[in-house]
Structure formats: C-alpha cells, structure tokens
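Position one of the sequence shown corresponds to residue 0 (my numbering), numbered consecutively onward.
Quick reminder that beta carbons are idealized off the backbone N, C-alpha and C, glycines included.
A quick note: this is a predicted structure, and the numbers were derived from the prediction, not measured.
Report on one structure; see the data block that follows.
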Amino acid sequence: MCLGYKPEPNSNGSPYRTFTDPGAKDRPTRDRFYDAEHLRLELAFDLVRKHIGGSATYTLKTLRPLTRVEFDAVDLRVSGVTVNGKKASFTAQAEKLAVELGRTAGDGETLTVAVAYEANPTKGLYFIEPNRAYPKKPRQAWSQGQQEDHKHWFPCWDSPNDRMTHEVILTVPAGCTGLSNGKLVKVTEGKGRTKTFTWKQEVPHVTYLLCVCVGEFAEVKDSAAGIPLGYYVAKPQASMLKPTFQETAKIIRFFSEKIGYAYPYPKYDQVVIADFMWGGMENTTITTITDRALIPASFRPFYDSEPLVAHELAHQWWGDLLTCKNWSQTWLNEGFATYFEALYTEHDRGRDEFLYEMMGNARAYLAEDSGKYRRPIVSPKYDDTSDMFDCHSYQKGSLVLHMLRWVLGEAHWWKAIRHYVHKHQKQVVETTDLKVAIEEATGVHLDWFFSQWLHKAGHPEFDIAWEYDEAARLLRLDVKQTQNTGGETPVFRMPVDVYVETPKSKATHRIQVEEAEHHFYFSCDEKPQMVLFDPDMMVLKTQKFVKPKEELLYQLEHAPTMLMKVAAALSLGKWPGDPAAVAALAATLKSGEFRGLREESARVLGRMGTDNARDVLLVAKDSDPRVRVAIADALGHFEDEKAAARLIELSRDRWDQVAMAALRNLGKTKSKKAFAALSAGLKRNSHNDMVRVGAWTGFKELKDARAVPVALKRGLAPQSLAERNAANACLAALYAETEKTKRGKVRDHFAASLRDVQHQIRRGSMEHLGTLEDPKAVSMLEEAVEREPLNLVARAGRQTLRKLKEKAAAKGDAKEFRREVESLREENRELRNRIAKLEETFGGKNRKKTS
Ligand SMILES: [Zn+2]
0 MCLGYKPEPN SNGSPYRTFT DPGAKDRPTR DRFYDAEHLR LELAFDLVRK
50 HIGGSATYTL KTLRPLTRVE FDAVDLRVSG VTVNGKKASF TAQAEKLAVE
100 LGRTAGDGET LTVAVAYEAN PTKGLYFIEP NRAYPKKPRQ AWSQGQQEDH
150 KHWFPCWDSP NDRMTHEVIL TVPAGCTGLS NGKLVKVTEG KGRTKTFTWK
200 QEVPHVTYLL CVCVGEFAEV KDSAAGIPLG YYVAKPQASM LKPTFQETAK
250 IIRFFSEKIG YAYPYPKYDQ VVIADFMWGG MENTTITTIT DRALIPASFR
300 PFYDSEPLVA HELAHQWWGD LLTCKNWSQT WLNEGFATYF EALYTEHDRG
350 RDEFLYEMMG NARAYLAEDS GKYRRPIVSP KYDDTSDMFD CHSYQKGSLV
400 LHMLRWVLGE AHWWKAIRHY VHKHQKQVVE TTDLKVAIEE ATGVHLDWFF
450 SQWLHKAGHP EFDIAWEYDE AARLLRLDVK QTQNTGGETP VFRMPVDVYV
500 ETPKSKATHR IQVEEAEHHF YFSCDEKPQM VLFDPDMMVL KTQKFVKPKE
550 ELLYQLEHAP TMLMKVAAAL SLGKWPGDPA AVAALAATLK SGEFRGLREE
600 SARVLGRMGT DNARDVLLVA KDSDPRVRVA IADALGHFED EKAAARLIEL
650 SRDRWDQVAM AALRNLGKTK SKKAFAALSA GLKRNSHNDM VRVGAWTGFK
700 ELKDARAVPV ALKRGLAPQS LAERNAANAC LAALYAETEK TKRGKVRDHF
750 AASLRDVQHQ IRRGSMEHLG TLEDPKAVSM LEEAVEREPL NLVARAGRQT
800 LRKLKEKAAA KGDAKEFRRE VESLREENRE LRNRIAKLEE TFGGKNRKKT
850 S
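The following block contains the structure:
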C-alpha cells in the first residue's frame, strides 16, 4: 500500500515517545482451524441502494476435527447456509458467523460451505456517489481490504496467514464494468439492465488482496512481454491515463528481470478510483490508485508518477506472491516495495537520484524517530494494525534492505533475493524466512544484522573526528557511538567506508565499526584536505563530524560523491552570512550540479537568514521547477519586502508547483502586499488545485484575520476537497487571531466539518483541530472519533487528542484541562441539536458506527 502522504512528526507538540499505549499486548499470528482453499464469490451490486446480495461458497480443508466452522463476518444478513449441499444451522455473532456441521468432521476433511447473504457495507467495500456538493462525482463501488476490513462485506478468514484461489462473479448495472483479480473468464449480458463478469484468480493469495471495482470507466490497453495491461479511470479524467501509467511496461520488465521471477499473473490493471483514502493498494493483478495521483503529460520530465506505479507493482511480488504472515512483519511488504521503488529510480534516473531518494527516506525515518517514537521494525506489540504502516516499516525498512545489499555485495544480494522469492513464492513469510534464505543462498550468517536492525530499535549516532600526525604520517580517525543504549537501542556493528584525499593521493578504506568507541589509523602521505565517513551514506545514522570551514568548502566543490557535496552544503549552514560560505553555495546553486544539490544549497541559504544569502536567492534562476520550488521555500525565511516581491513574481510562474510554493511562503514574509497577492492566487485554476492550496497556506502563515470570513466561505462546498481542507487548516491556525465573538462560528464550522460526508474533510478537520488550543476542541474530537466509521480518520483524531492532552500535561494544567473538558462534554450534548441543523445545511449525514 502507498499511504499517499508522509506520516508527519509532531511539529508543535511535545514528542510522544512510546509506540504503543501502556499495557499493549503481543499480537501473535492467529491459529487456523481450517485451510480455505477456494472461494466462489457471487454478488449482485446495486450502486444506488449501496447494496450487495449473493453467496460466498468456500472449499476448505479442516486442520483438526471440527464440529463447527467459523468465519469473520460483520453486519452481513445471512439468509441460509449449506454444508456439502445440505442445509446447516448457523449463528451470526458480533464479528463471527458460526456454521454448525451437525457432526464431527475429521482432520483433513474437505468441506463445501455456502453462505447466502446480503449487506449494505460501510467498510471494506465503499460506494461512491455524487452528492449535493460534488454532483459530478462518479458512481462507483470499490473494495479496500487491507488491513482486515473484508469481513464487512463477505464472510472470510480476515487475517493475512491463509492463501486461497477464487472466482468472483459480479453482476453490475449494464453501463458499468466489473473488475476483479486474475483472468476475465466471461462476460454475459443479463436480461435487461445488467451485465455479469466472471473473474478467476488462480494463484492463491490472502484475503485482503481480493478486490472488486465497479463503475463506468474509460480504459487504455497496453502490454508488457505478453502480459495485458489495463488502465482505468472515470471517463472525464481519461486524458491523464497515458501520462500517468506510460512507464508500467518498462517497470514490469525491470522487476521481472532483476527479481529473477517473471511477473507471476495473467494481467495487470491499474484502476483510478474516486475518494480513495490511500495513495495506492496492490490488490493482486488489480492495483487501485487515488485520482490525486493522476498527472497531465505537461508535468514530465520534472514531476512523474513512477514512484507510486513502481511501488504498487513491486508489491505484486513483495506482498502478493510472498505475504507478511502478520502485521508485525509489515516491513516485508512495505520496506521491500519502498526499496524496489527506489531501485527503479536507480535504473531509470541514475545513481544520484537513487541515493537522493534514499537520503529522503532516511530523513523521513529520522523525523519519526526523533519527533514521534522509536520502535523495532518487527514489533510484536501494536495498538492498531494501521499503526504498523509508518516510516519504520516503509522508509527504515527500505534502508535496511539498502544496507543488506551493501553488506552482502551486489552479486550475493541478488542471489539471496532470487532464492528468497523462489523458495517462498505463494507462501506467507516472516523475517526469519528472509534471514534463512540469505544464509542458504550465500553462506553468510547475518544474525547480528537482523538482530540490531530489525528486532532492536534506533540507529547509530556517530561522533567523528580526525587528527593527522605529521611525524608518523598517520591519520587517526576517532569514531564514537553516542546513542543512549538503554532500552531497545544497541551499539551497532557495520562496515563503513572512509575516504581520504590529500594533495597527492585518494584512497578508500573499509573499516568495521562494532564498539562504542574506536580509533582507526591510516598511513597517509600528507595532511588530508578531505576526510569522508561513509561517502555514499550507505549506513543509516546521524553523525556529528566537526570540520573546519575550509575543508567543507573544498568538500562542496570536490567531494567524489553527490551526497557528500550535499552534506558539505548542509554543514556550511553553521556559518550564516559568512561571505565564503554564501559565495560557495551561490556558485553551487548556479552550477550544473545535480538538481537535488542545487535545491539543498538554496534551502541552506534560506535557513541562514542573512542579507547576503537573501540577495543570492533574489536573483537565483533555474530551469528546473523543483529548484525554483526550493528557492521559493528559502525566500520564506525572510520577513522582508524584497523577498516578498520576488515571491510575488514566482507566484505567477508557469509551473503550478512553483506558484504554490511561492504563495505558501509569501505569508511568512508578513509583507503588506501579501494579502492581495494571496487573494489573487485564489483565482488561479491548477492541477489538483495546488495553487489555491498554496494560497491558503500563505494566509495561514500571514496570520491576518481578514482571511477568516473568506476561509469560512471557501471551507464549504463546492470548492475542491483540497482547497476546502487547506482553508480549514487556515481557519484553525487563525483561531487565536479570530475575534472572540466570531470564534463560535469557527467552532460550529468544525463541528459540521467533523460530520462532513467526505472522509477527506473529516480527517483534515481532526488534524487541524489540534492547533485550536481550545478545550472545546477536545470534546468535539472525542465525539467525532467515537462515531467515525473509517479507521484512518479515527486514527487521525486519536493522534490529535493524544497530542492535545500531552501538551496540556506538559504545561502542567492537565487537571484544570480535564475539568474543563468534562463540563464541555455536557454542554456538547446540548449542542448536538444545533449541529444536526447545520448538517442538513451542509449535506452531512448521520453515520452509523460499525465497529
Ligand atoms: Zn506499499
């Protein structure tokens, strides 16, 4: 799965340091009582009534003598069950359907259990329809099983540790297409107004990967090495199918060859669906993707969709062909998909782009580690399955594979990967399976590696220094690991390269770090002008390596790797305004160096905040819009009119991305001209409304209360969801500036937003309310979390609540806060009538809480 957003660390609260709530228990793999071998799921869809009806027929084999068979099932209206063709009695409990066999079936006996049922699901299967605010929204039904939501629309084994084949037979309205996993076997016209699609998934996979999509789609056909490819989207967005998915065939060929295992299925479809809550989901042979990921052809070559396309495609092997046995092993799906996404970057865009992407992954993980919590990648304890889908599983997981490749070497790495995929194809896996496969393929035992990187937590925090002994011609390198090794963080062991350059020579030495403190000695012909620790940043770490400015200036220009030039640029930020440092960064920004290095140089100049740094940025031009975005972000560090004037110019850039960045930074300059320029930005149409989003972020930073009435208006339909969310974020941020008499209006607005029919607005509001610093927000949030049907949305609310409470506790007024919340809760009950009225006005709906 691709989240479609980067989990953000707490930016304005005290960091919370525990991954789980106190008292969290181990979540072991679930014991099975039978093996579901095959499912025949036959369903008729009514998109208007949001109703399904039909049957689920399982062929299953018992794994012990059984008198009853249980399925996971929630809110299904079961009308009858047969076992081997004979009527059987059953009971539907809260989350289970129990079928009585009427006798004891022996161990290993094959049974056919058929369940006739109907349902109006609110989870697992989602019905999308136009509403008053969004009348052009397509009518669709699509499923999202991960992590364990399919039990809400068909009886199943809703855990990732059982694999089955299936047939899905979809009867849909005549104008619609019914899509599912595997091979399309036949399409039949129904009498009158229906059509029936029969799909067969012949490679066994786990329950959450079953998928259906129903709707009126535009389709583009393609193929890769004989594999038919299909791209689908609602008809009005058809023109963006090709630019978005044009690289699919290339990516399939690359993965098939590198993994040494040809794409394992008979087809690959990518279906763009409306209102998707995630970025993408790798259902076997049929990936679902958010419509926010669509791109027009004009975005290339600077902005593309390959990361998402490659990520979901990589999952067809890592996640689908081999599946994590339980959610504590999530990284075996997500860490692999994130790394293979980067491997495609390496193949397609070269080593600099690849290493820069890995550096971005390291930054994301380090931000989560320092800002939120630290946990071992394999965490047997977690509160909610969705908690495992974080920067530890994705980004740190990818970095662990990157290090594994480094430790094993290229040939052994690919040999191990190929053995792992062939040995465990069509199976569920846990981390030990990977470790053993590596040992079998290469003879290398990596207990130490798996222990420190996967079962323990954290990363090395190095303190590095060097000294040259002129007389002995010896370079001494001091390497200390300074991390706190209490708790789950160990002292790390890793091979590291050290690069030494003197006026006469260049050499790379490989050292083995394994203790808290080391002194390494290298013979060296002269005093080095540059010493680099881990020049390609292969090891996940933080490091303090204090160097004189002259060495950094030399490093910025002459380092043998792009990442060490970036490191030098970042370190030069410690000399704000220093003429030599500013001149060097200015030269890099103007150079033909890698675009990431130009971006980083601009950002460092911004953080310096000095006049001479600003003057460089004022005249900086770049043909790459990504660098212009960085320049705009850098100018946001200056509260002055010159920076504002340049940002206003950039807000009219041809590229929407640049205009967005210019507007979001314009507010920070506090310029008198900002309000008018931001208001003008609200008039510009752009892809995914990114320019308006930028303008709202600018208003938020400007903290000018004149924006409040405009935001109240634009925070409602019919503006795009993206704009409404940005306007809401602005409203929450301006709350302190809002006149006291008008605050009630803002609170009422959020009360309505928390009940909005669109989950994006509900989720956004749950996040924005964290900035209100009003105890009233807490009681509103508590109620909203309680009634919220979508895990993802409720989770955002829980996180905000946790943040608000910790903030109050940190201020030492927790008791007072609590008392106030209690009294407000009472008040809130009375407010409900008012809210109900507001709902009618804004098109919200009563929503039933389903679990
Ligand atoms: Zn994923």
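Residue i and residue j closer than 8 Å at C-beta
| i | j | result |
| --- | --- | --- |
| L209 | H165 | yes |
| P459 | Y498 | no |
| L240 | L42 | no |
| T507 | Q146 | no |
| T337 | Q245 | no |
| A309 | I250 | yes |
| L733 | A706 | yes |
| L110 | L59 | yes |
| R713 | E722 | yes |
| V73 | K150 | yes |
| R252 | A273 | no |
| D71 | W156 | yes |
| R475 | P494 | no |
| N180 | T283 | yes |
| G177 | V213 | yes |
| F353 | A313 | no |
| P242 | P300 | no |
| R746 | D755 | no |
| A567 | E598 | no |
| G697 | A726 | no |
| V211 | W141 | yes |
| I258 | R417 | yes |
| E333 | F388 | yes |
| D290 | G229 | no |
| F298 | T287 | no |
| E281 | M0 | yes |
| L331 | V428 | yes |
| W412 | L403 | yes |
According to DSSP, residues forming a beta bridge with residue i
| i | result |
| --- | --- |
| T289 | I272 |
| W141 | Y125 and C212 |
| R613 | Answer is none; R613 lacks a bridge partner. |
| H517 | V478 |
| H37 | T58 and T164 |
| D852 | Residue coverage of the chain in this structure runs from 0 to 850, which leaves residue 852 outside it and unanswerable. |
| D621 | Looking at the DSSP assignment, D621 forms no beta bridge with any residue, so it has no partner. |
| I51 | F44 and A118 |
| C1 | G279 |
Residue-level contact to chain D via CB, residue i, 8 Å cutoff
| i | result |
| --- | --- |
| A704 | As a matter of chain content, chain D is missing from the structure shown, which is built from one protein chain. |
Considering only heavy atoms of ligand 1, list every residue whose Cβ is less than 6 Å from one of them, following chain order.
M0, C1, H310, H314, E333 and A336
Would you mind listing the alpha helix (DSSP H) stretches within the stretch 420 to 478 that are 4+ residues and don't spill past its ends, in chain order?
430 to 441 and 446 to 449
Only counting runs of 3 or more residues, tell me where the beta strand (DSSP E) segments fall wholly within the stretch 205 to 242, in order along the chain.
211 to 214, 216 to 223 and 226 to 233
Between the stretch 65 to 82 and the stretch 100 to 113, do at least 3 Cβ pairs fall closer than 8 Å?
yes
Residue ranges of each alpha helix (DSSP H) within the stretch 551 to 580, 4 or longer:
561 to 571
Do the stretch 646 to 657 and the stretch 684 to 692 make contact, defined as three or more Cβ pairs closer than 8 Å?
yes
Between the stretch 777 to 796 and the stretch 291 to 304, do three or more beta carbon pairs fall short of 8 Å?
no
At which residue ranges does the stretch 720 to 764 contain complete alpha helix (DSSP H) runs of 4 or more residues, listed in the order of the chain?
720 to 732 and 739 to 752
How do the stretch 412 to 424 and the stretch 316 to 333 stand: do at least 3 beta-carbon pairs fall below 8 Å, yes or no?
yes
Looking at C-beta atoms only, is the number of pairs between the stretch 185 to 192 and the stretch 258 to 267 that lie closer than 8 Å three or more?
no
Does the stretch 33 to 40 come within contact of the stretch 430 to 445, defined as at least 3 CB pairs closer than 8 Å?
no
If contact is defined by three or more beta carbon pairs under 8 Å, each pair taking one atom from either stretch, is the stretch 126 to 143 in contact with the stretch 81 to 99?
no
Contact the stretch 566 to 586 vs the stretch 598 to 612: 3+ CB pairs below 8 Å
yes
Please determine if the stretch 476 to 489 and the stretch 518 to 532 are in contact, where contact requires at least 3 C-beta pairs separated by less than 8 Å.
yes
Let me know the beta strand (DSSP E) ranges lying completely inside the stretch 163 to 200, each 3 residues or longer, listed in chain order.
176 to 179 and 182 to 188
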